[in-house]
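Residue numbers (the working numbering): 2 to 196. Down below is the structure, laid out as structure tokens.
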């Protein structure tokens, strides 16, 4: 038997699974069906339900699409500069900044969240000791993306992503904005903090 309910173009159906005698055990399988196939996105229902979280903002329809940011963030923490394609570097910048922010929090919960993203214990230790100390006075913007040449075989735009304020960086970090160029609300906040 099947019972369906839903509104707004999406319908949630509950049906008994008909294999291996699971009907008698009362095991129900929930699935999400889209009534209008033209509006179906690349991110499938299986993807949303199988993965606990996705580090990418790009739409994807595979379960392995979320594993590359974890690997690349670990490589970036280890080497502090890596070369990849420009879209991946821009996506990686967001995740790497989140990991460094977790390192600055220095709580047990933040350490567990960082361990869920990073691949090794050495990278987690480096984030919470070296990088957290280096960026203690900086509020965001821990990485930069520098465009390089196009790749030879497929002409993909390549880019370096690196941590700022470190020895051996490709380009020094830009200084902060002068107070006269800040928005009025930021100028008011800065004046209140100085008093």
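Every residue gets a Cβ at the ideal spot worked out from N, C-alpha and C, and that includes glycine.
**Prompt:** Which of helix, strand or coil does DSSP assign to residue 162?
**Reply:** As a working note, residue 162 is residue 161 in the chain shown. Strand.
Can you grab the Cα-Cα spacing for the pair residue 92 / residue 185, in whole Å? Sequence index remark: in the chain shown, residue 92 carries index 91 (1-based). Sequence index remark: in the chain shown, residue 185 carries index 184 (1-based). Roughly 31 Å between the two C-alpha positions.
Exercise. Between which two residues does the alpha helix (DSSP H) carrying residue 100 extend?
Worked result: For the purposes of this step, residue 100 is identified with residue 99 of the chain shown, where counting begins at 1. 87-106 is the span of the alpha helix (DSSP H), which, as asked, contains residue 100.
With DSSP as the reference, label residue 36 as helix, strand or coil.
As a position in the chain shown, residue 36 is number 35, starting the count at 1. Legend: pLDDT at residue 36 = 40, less than 50; position of this residue unreliable, no value from coordinates given.
Handout entry: Beta carbon of residue 147 nearer than 9 Å to that of residue 160
Key = In the chain shown, the residue the question calls residue 147 occupies position 146. In the chain shown, the residue the question calls residue 160 occupies position 159. In contact: residue 147 and residue 160 (Cβ atoms closer than 9 Å).
Give the range of the beta strand (DSSP E) segment to which residue 146 is assigned.
Within the chain shown, numbered from 1, the residue matching residue 146 stands at position 145. Residues 144-151.
Three-way DSSP call (helix, strand, coil) for residue 46 in this model: Here residue 46 corresponds to residue number 45 of the chain shown, with the count starting at 1. For residue 46, the pLDDT reaches just 47, beneath the cut-off of 50, and the residue's location in the model is therefore unreliable, leaving the point undetermined.
query = When DSSP labels each residue in this structure, what does residue 120 get in the three-state scheme?
reply = Translated into the one-based positions of the chain shown, residue 120 becomes position 119. In the structure shown, residue 120 sits in coil (DSSP, three-state: anything other than H, G, I, E or B).
message: Which same chain residues end up closer than 8 Å to residue 100 when comparing Cβ atoms and leaving out the 5 residues on each side of it in sequence?
response: The residue labelled residue 100 in the question sits at position 99 within the chain shown. Here the set comprises 74, 78, 115, 118, 119, 128.
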